[in-house]
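Letter 13 of the sequence shown, counting from 1, is numbered 272 in my numbering, and no numbers are missing. Even glycine gets a Cβ: it sits at the ideal position worked out from N, Cα and C. Note that this is a predicted model, so its numbers are computed, not measured. First comes the structure, then the notes that go with it.
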Amino acid sequence: VRIIPNHVCVVVNMVDEMIAIRGGEIVGVIPVAARGKLT
């Protein structure tokens with residue numbers, strides 16, 4: 260199951276990192292500095 264949100268600003272602060280995928284392979288891991296922030 261793959262869930263891809265259609266609007267990033269409502270979910271990006273709910274995860275610790277984002278995974279960059281190209282061609283079905285992981286090409287990077289991006290930490291989310293705003294994790295848990297509301298303002």
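To the nearest angstrom, how far is the alpha carbon of residue i from that of residue j?
i	j	result
Val274	Ile280	16 angstroms
Gly282	Lys296	32 angstroms
On the three-state DSSP scale, how would you describe residue i?
i	result
Val274	coil
Val291	coil
Could you check whether residue j and residue i sit closer than 9 angstroms to each other, using their CB atoms as the reference points?
i	j	result
Val286	Met277	no
Skipping 5 residues on each side, what residues in its chain have a beta carbon closer than 8 angstroms to that of residue i?
i	result
Ala293	Val271 and Asn272
Once the 5 residues before and after residue i are set aside, which same chain residues still bring their CB inside 6 angstroms of it?
i	result
Pro290	Glu276
Output needed for residue i: all residues of its chain with C-beta closer than 7 angstroms, excluding positions within five of it in sequence on either side, in chain order.
i	result
Glu284	none
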